[in-house]
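Enquirer:
There are 2 protein chains.
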Amino acid sequence: MTADLFAALASPVRREITSLLLDGPRPVNDLAAHFSMSRPSVSEHLKVLRDAGLVSERRHGRQRLYRLEAAPLRELSQWLSPYERFWREKLADLRELLDEEDL
Amino acid sequence: MTADLFAALASPVRREITSLLLDGPRPVNDLAAHFSMSRPSVSEHLKVLRDAGLVSERRHGRQRLYRLEAAPLRELSQWLSPYERFWREKLADLRELLDEEDL
DNA sequence: TTGACGCGTAGGAAGAACCCTACGTATTGT
DNA sequence: ACAATACGTAGGGTTCTTCCTACGCGTCAA
Chain A
561 MTADLFAALA SPVRREITSL LLDGPRPVND LAAHFSMSRP SVSEHLKVLR DAGLVSERRH
621 GRQRLYRLEA APLRELSQWL SPYERFWREK LADLRELLDE EDL
Chain B
561 MTADLFAALA SPVRREITSL LLDGPRPVND LAAHFSMSRP SVSEHLKVLR DAGLVSERRH
621 GRQRLYRLEA APLRELSQWL SPYERFWREK LADLRELLDE EDL
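The listed protein sequences correspond, in order, to chains A and B.
When the letters of the first sequence are read in order and numbered with this note's numbering, they come out as residues 561 to 663.
When the letters of the second sequence are read in order and numbered with this note's numbering, they come out as residues 561 to 663.
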């Protein structure tokens with residue numbers, strides 16, 4: 561597991577950024593417009609996302625386009641899978657309980 | 561999305577605890593034995609997990625058994641699903657590219 | 001009832017996170 | 001060449017996190 565993937569996603573601002581990037585790459589000003597904080601602060605959030613590999617940067621003239629990257633999210637899904645098994649067992653237990661109730 | 565679910569999972573110690581709890585409920589001392597930190601610190605981590613709903617507590621004599629809870633993990637899976645669609649598209653694009661290469 | 005056990009919480013130190021403004025750098029339009 | 005645009009980074013204040021030790025409370029065993 562990448563060290564600070566969860567830490568990167570722990571911030572609501574950064575989750576909102578990743579959500580915005582689902583619609584495609586965007587420049588920083590465009591992203592910053594969605595928040596009530598200074599543009600440099602958004603830049604710092606982008607740095608955290610970049611360090612976690614969640615986002616990549618491509619220069620385009622004087623803009624920098626940030627693009628969502630899939631790999632860390634796949635890792636997250638893999639991290640989750642043992643727990644997925646866990647909660648499916650819980651659901652199965654519940655179903656069993658309900659079946660007994662039907663007797 | 562529960563406010564601090566990601567924050568709760570951002571700590572390696574807390575992820576290790578949830579992983580340990582996959583095998584079933586455990587008392588605090590049992591959990592603390594897996595870490596090179598003081599038992600009260602582990603208690604504080606458990607409080608964070610409890611506040612995030614990831615863990616529940618059941619008193620049993622003078623022990624407190626901590627149990628993994630499935631609900632927040634299901635939420636996490638749901639949060640991930642739009643991104644899952646996203647990375648599947650990426651894989652589809654890649655496959656298409658490889659197909660063109662075959663011409 | 002007295003002592004040991006299992007645990008939570010208070011208080012505090014050290015470091016990290018988060019936000020700001022000020023400034024530097026590269027690129028574009030005139 | 002010059003001003004404006006788009007952005008990153010430095011420096012700094014404030015608050016959160018994470019760990020510690022000290023202590024208090026409930027439970028069990030003798």
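Built from N, CA and C at the ideal position, the CB exists for glycine as well.
Per DSSP, what kind of secondary structure is S571 of chain A in: helix, strand or coil?
Expert: Residue 571 of chain A sits at position 11 when you count from the first residue of the first sequence. In the structure shown, S571 of chain A sits in coil (DSSP, three-state: anything other than H, G, I, E or B).
Enquirer: Just to confirm before moving on: does the CB-CB distance between P632 of chain A and L614 of chain A stay below 7 Å?
Expert: To locate residue 632 of chain A, count along the first sequence from 1; it is residue 72. To locate residue 614 of chain A, count along the first sequence from 1; it is residue 54. Cβ distance < 7 Å, so P632 of chain A and L614 of chain A count as in contact.
Enquirer: So P587 of chain A contacts chain B; which residues on that side make the cut at Cβ distance below 7 Å?
Expert: For the purposes of this step, residue 587 of chain A is taken as residue 27 along the first sequence, with counting starting at 1. What P587 of chain A touches in chain B: nothing, since even the nearest Cβ is about 20 Å away.
Enquirer: Can you tell which of A:R645, A:A652 and A:M597 has its C-alpha closest to the C-alpha of L582 of chain B?
Expert: Here the question's residue 582 of chain B lines up with position 22 in the second sequence. Taking only the C-alpha atoms, the option nearest L582 of chain B is A:R645.
Enquirer: Please classify S601 of chain A: does DSSP put it in a helix, a strand, or coil?
Expert: Along the first sequence, one-based indexing puts residue 601 of chain A at 41. In this structure, S601 of chain A counts as helix in the three-state DSSP scheme.
Enquirer: Residues of chain B with CB closer than 7 Å to the CB of A567 of chain A, please, in chain order.
Expert: Residue numbering aside, residue 567 of chain A sits at position 7 when the first sequence is read from its first letter. Simply A570.
Enquirer: Please confirm whether L582 of chain B has its beta-carbon closer than 7 Å to some beta-carbon of chain A.
Expert: To locate residue 582 of chain B, count along the second sequence from 1; it is residue 22. Yes, contact with chain A.
Enquirer: Pick from A:E635, A:A612 and A:D564: whose alpha carbon is nearest that of P572 of chain B?
Expert: Indexing the second sequence from 1 puts residue 572 of chain B at position 12. P572 of chain B has its Cα closest to that of A:D564, out of A:E635, A:A612 and A:D564.
Enquirer: Enumerate in chain order the residues of its own chain whose CB-to-CB distance from R586 of chain B is below 8 Å, with the five nearest sequence positions on each side excluded.
Expert: As a first step, residue 586 of chain B is located in the second sequence; it is residue number 26 there, counting from the start. Answer for R586 of chain B: L580, L625 and Y626, listed in chain order.
Enquirer: Below 8 Å CB to CB, which residues in the same chain sit around A630 of chain A once its five sequence neighbours on both sides are set aside?
Expert: Locating residue 630 of chain A in the first sequence gives position 70, where the first residue counts as 1. Around A630 of chain A: no qualifying Cβ.
Enquirer: What residues from chain A crowd round K547 of chain B, counting only those whose CB sits closer than 8 Å?
Expert: The requested residue 547 of chain B does not occur in the structure, where chain B is confined to residues 561 to 663.
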